[in-house]
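For reference, the structure discussed in these notes is given below.
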Amino acid sequence: MAIREILTVPDPRLKEVSKPVEGPVTDELRALMDDMLETMYDAPGIGLAAIQIGVPLRIIVMDLAKEGDEPAPRYFVNPEILETVEETQPYEEGCLSVPDIFDEIERPARCRLRYMDYNGNLVEEWAEDLYAVCIQHEMDHLEGTLFIDHLSRLKRQRAIDKVKKAKLRKIREDAA
Ligand code: K1U
Ligand code: ZN
Numbered sequence: 001m002a003i004r005e006i007l008t009v010p011d012p013r014l015k016e017v018s019k020p021v022e023g024p025v026t027d028e029l030r031a032l033m034d035d036m037l038e039t040m041y042d043a044p045g046i047g048l049a050a051i052q053i054g055v056p057l058r059i060i061v062m063d064l065a066k067e068g069d070e071p072a073p074r075y076f077v078n079p080e081i082l083e084t085v086e087e088t089q090p091y092e093e094g095c096l097s098v099p100d101i102f103d104e105i106e107r108p109a110r111c112r113l114r115y116m117d118y119n120g121n122l123v124e125e126w127a128e129d130l131y132a133v134c135i136q137h138e139m140d141h142l143e144g145t146l147f148i149d150h151l152s153r154l155k156r157q158r159a160i161d162k163v164k165k166a167k168l169r170k171i172r173e174d175a176a
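In our numbering, the protein residues as written are 1 to 176.
Below is the structure:
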């Protein structure tokens, strides 16, 4: 297993639409999902899409276990949202690709999903609460959409500028 670099804005790869995985879930894909999970735990975060480590495939990992609870990793290959409800819920979202920026996003409160799991089994289930928030955020990544794309143009540009400045500061500090 390996910790991979997480891409941050304005990296153009984050705007790519990820491609479906063709064929079954192989050991090679499981190794990629293992790396993604390790990278997510290290960050730390609660979700990660493959494109965030530069791999344009429709794969997501997630762990919504509370601190102190047993890890509960979830793996999604070729996930689809089949249905959403009209009711929405607001949530203060963050993103490992837009570090240290948080803002409230309104999304459907529940959605019905279909995906293949780590073992290649086809799963259909409803997601609600934080699970619904996180899977919709991660599904957005597969379409090249970031949570800041749901904000005003001004807020989005401010967020990108803040991340750029923080990156430059770190480069200068590391060089000093
Ligand atoms: O970048 C990502 O896609 C991961 C992102 C997922 C997410 C968070 C909140 C709402 C929707 C989607 C994160 O994990 S940001 C970090 C974070 O939320 C967190 C980090 C440590 C402990 C608890 C939460
Ligand atoms: Zn994100």
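We put the beta carbon where it would ideally sit given N, CA and C, even for glycine.
Predicted model only: the values in this text are computed from it and were never measured.
Cys111 carries a strand assignment under DSSP once its states are collapsed to helix, strand and coil. Relative to Asp27, the option among Met1, Thr8, Leu48 and Thr145 whose CA is nearest is Met1. Counting the other CB atoms within 10 Å of its CB gives Ala175 a total below 16, which places it among the exposed residues. Rounded to whole angstroms, Cys111 and Tyr75 show a C-alpha spacing of 17 Å.
Taking 7 Å as the cut-off, the C-beta of Gly45 counts as close to a heavy atom of the ligand K1U. For the stretch 111–166, the full-length alpha helix (DSSP H) segments reaching 4 residues or more read 129–142 along the chain. A straight-line Cα-Cα distance of about 33 Å links Glu125 and Asp11. The continuous alpha helix (DSSP H) containing Ala31 extends over residues Asp27 to Asp42. Per the C-alpha coordinates, the member of Ile135, His141 and Pro99 positioned closest to Asp161 is Pro99. Around Glu93, the same chain offers Phe102, Asp103, Glu104, Ile105, Val133, His137 and Phe147 as residues with beta carbons nearer than 8 Å, after the five sequence neighbours per side are excluded.
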